[in-house]
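Since the structure comes first, as structure tokens, the remarks are kept for the end.
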Amino acid sequence: MKNLSYIELLLNLLPQVALVVTAFAALAVDFVVLRRSDPATRFRVLGWLTALGLVAAGVMLFVQFGQVQAHGTYVGPLRTLVLDPLTVFFQIVIVVVTIITVFISMAYPFTTHVSEYYAVLLFGALGMNFLVASEELIAIFVSLELLSVCLYILTAFHKGMLRSAEGGLKYFLFGAVSSAFMMFGLAWTYGLTGDTTLAGIGKAATELAMTGLHGNGAMLGVALLFTLVGFGFKIAVAPFHQWAPDAYEGSPTPATAFIATGSKIASFFILVKALFIGFDGAQGSASWGAFNSGWIAVAATLAAVTLVVGNTAAIVQRNVKRLLAYSAIAHAGYILTGLVAANALGAASVFFYIIVYAFTNLGAFGIVAALSARVGGDDFKDFAGIYKRAPRLTFLMLLFVLSLAGIPPLGGFFGKFYLFTAALSADPKNLGLLWLVTLGIAMSAVSLYYYLILLKTMYVTEPAELAANPAADRIVAPWFLNFALLVSLAVVLWTGLAPQQLLGWIELFLKSLPS
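For the sequence shown, counting from 1, position 32 maps to 31 in numbering that gives the first Met the number 0; every step adds exactly one.
Take a look at the structure:
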């Protein structure tokens with residue numbers, strides 16, 4: 000482990016500086032050169048500029064990844080920045096997710112405020128980068144709020160649609176409430192422990208938890224509860240999920256992809272850090288024969304409610320983006336199932352799953368963006384019989400949807416397998432979390448039903464208006480969108496055909512962390 004001086008800290012922030020420079024460069028180029036160009040041209044030119052800046056940031060992160068592997072963890076002052084192999088790896092994943100989002104955006108010109116859109120997207124990626132690298136309460140909260148504000152703006156960016164404004168307003172209101180809950184929980188945590196670093200909080204919380212439900216031990220439980228409620232809003236777990244369907248449906252589809260993937264990666268990553276490091280001494284248990292108070296019991300209860308609400312509500316949806324929103328809620332329940340294992344396999348399975356989930360959803364939303372731009376909507380009726388006009392895109396959608404359903408040999412199957420395995424290994428003497436795993440398997444069967452309804456609509460249902468010549472009205476995605484979809488598919492297939500490789504990397508990164 001190497002403690003960084005302020006100068007070294009600034010040097011290690013060069014990838015994030017590249018994101019900021021790219022954002023301002025996009026604004027300048029648009030204002031000076033492209034202001035009179037049509038939106039489609041501006042989307043593509045500024046998209047390539049944004050992608051170039053992201054690639055530069057990714058290259059610097061890759062170099063940084065090699066450095067932390069060789070020299071150990073880099074720790075900034077007060078642990079406001081902690082760079083270890085796992086953190087830098089996920090920063091690279093976030094950059095790749097943002098590049099794919101940019102490619103989806105280039106194929107879906109929806110606004111005249113093009114440079115502003117790309118700038119907000121880059122600042123959102125900046126917030127994610129800082130969030131995953133933070134191990135200090137103030138840095139975590141500021142990073143999370145930077146990300147949240149960017150997502151509120153992206154949700155309401157489609158100014159020509161009323162539902163975009165509605166979704167953005169609901170997202171903002173629910174997000175403000177969640178921030179208040181989280182701030183209250185974090186402030187109370189600091190008051191009880193006298194420390195703002197997760198490591199320091201973890202040591203103090205272990206001592207406080209020993210007092211049980213008396214005195215400061217009970218107050219620690221309240222602080223933990225408020226913190227979990229705040230995170231619950233951010234990751235859209237029931238009953239804090241009400242913003243998600245309207246935000247997903249109303250926001251521009253590329254923004255929806257970014258919200259559904261990048262924010263999930265960063266939020267779950269920091270949630271694992273906060274619970275495993277900061278509240279390790281207040282775990283409790285959710286095993287069938289040994290249910291004890293603690294964050295595991297709360298998270299397991301939220302997981303069960305989220306699995307049921309997300310999957311059952313998705314059955315009646317007839318809008319593709321709204322269905323994927325409830326699917327995202329359900330997947331948050333699956334991820335929590337692995338999280339409550341509270342062991343190394345549980346953490347590794349969560350990290351594995353959020354990567355698979357992110358690239359699967361990027362592919363799905365990329366296809367929705369390409370199709371809806373041509374058919375004029377994203378309801379089921381708009382996608383009826385669409386395979387005749389877009390056979391390649393529909394086949395890719397089939398693979399992504401089956402991965403979401405957890406069908407082998409795709410990455411989604413092994414993601415759920417590892418999550419359930421981790422949950423069962425948590426407490427073998429008391430049947431582990433068998434009750435939660437059983438519920439998760441049952442809800443997976445339910446999810447297969449509504450995913451098949453979507454596929455049936457695309458492949459079997461006849462459209463309301465039959466085209467005279469479907470082949471002549473073929474929907475073809477631009478090459479850069481096809482490239483983004485193929486990258487997403489490659490990750491889904493790789494994690495399905497060779498899952499142990501990615502899981503092995505993650506487990507190796509976890510072992511390299513300082514204890």
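The beta-carbon is built from N, C-alpha and C at its ideal position, and this holds for glycine as well.
| query | result |
| --- | --- |
| Cβ separation of S104 and S163, assumed to be a contact under 8 Å, to the nearest whole Å | Their Cβ separation, rounded to whole angstroms, is 15 Å, which puts S104 and S163 out of contact at 8 Å. |
| Span separating the alpha-carbon of Y333 from that of A302 | 7 Å |
| Entirely enclosed beta strand (DSSP E) segments - the region 163-240, minimum 3 residues | none |
| Chain-order list of residues whose beta-carbon lies under 7 Å from that of H330 (same chain, five-residue window excluded) | Y356 |
| Classification of F23 by the beta-carbon crowding that lies within 10 angstroms, buried from 16 upward | exposed |
| V339, DSSP secondary structure in three states | coil |
| Residue span of the beta strand (DSSP E) that contains A285, given as start and end | 284-286 |
| Contact between the region 63-77 and the region 24-38 (3+ Cβ pairs under 8 Å) | no |
| The region 256-268 in contact with the region 119-139 per 3-pair CB rule at 8 Å | yes |
| Straight-line Cα distance separating T196 from I137 | 9 Å |
| Host alpha helix (DSSP H) of L33 (start-end) | Neither: L33 is in no alpha helix (DSSP H) and is coded neither H nor E. |
| Euclidean distance between Cα positions of F275 and I328 | 23 Å |
| Sequence-distant residues of the same chain with beta carbon closer than 8 Å to A186, five excluded per side | none |
| Distance cut-off 6 Å: F290 Cβ against heavy atoms of the ligand ZN | Among the components modelled here there is no ligand, and therefore nothing to report on the ligand ZN. |
| Sub-7 Å separation of F42 and V113 beta-carbons | yes |
| Rounded straight-line distance, which links the Cα of G495 to that of L509 | 22 Å |
| Cβ-Cβ separation, L480 to F102 (assumed contact under 8 Å), whole Å | 6 Å |
| Endpoints, the alpha helix (DSSP H) within which S70 is located | Just to set this straight, residue 70 is His in the shown sequence, not Ser. Residues 38-70. |
| Rounded C-alpha distance that separates L433 from L453 | 31 Å |
| Where F290 falls: helix, strand or coil (DSSP) | strand |
| Own chain, CB closer than 8 Å to L168, minus 5 neighbours either side, in chain order | A155 |
| Cβ neighbours of T336 in the same chain (closer than 6 Å, five flanking residues each side left out) | A302, L418, A422, L435, G439 |
| DSSP-derived helix/strand/coil call for V548 | Outside the shown range of the chain, which is 0 to 514, sits residue 548, and nothing can be said about it. |
| Sub-7 Å separation of E206 and K320 beta-carbons | no |
| Top-ranked residue by Cα proximity to I178, from Y352, I139, L492, A341 | According to the sequence provided, residue 178 is Ser. The question's Ile does not apply to it. Among Y352, I139, L492, A341, the Cα nearest to that of S178 belongs to I139. |
| Closest residue to L219 among P244, W294, V367 (Cα-Cα distance) | W294 |
| Same chain only: Cβ atoms within 6 Å of A425, ignoring 5 sequence neighbours per side | A340, G431, L432 |
| Complete runs of the beta strand (DSSP E) confined to the region 354-407 [at least 3 residues] | none |
| Beta-carbon proximity check, F364 vs A256, cutoff 7 Å | yes |
| Boundaries (first-last residue) of the alpha helix (DSSP H) holding K158 | Unbroken run through K158: none, as it is neither H nor E. |
| Distance between A298 and K202 (C-alpha atoms, nearest Å) | 21 Å |
| 7 Å Cβ cutoff met for I99 and L361 | yes |
| Opposing strand residues paired with K1 [DSSP bridges] | Y73 |
| Cβ neighbour criterion (16 or more within 10 Å) applied to T437 | exposed |
| Status (buried if at least 16 other CB within 10 Å, exposed otherwise) for G376 | exposed |
| C-alpha gap between G345 and L26, whole angstroms | 43 Å |
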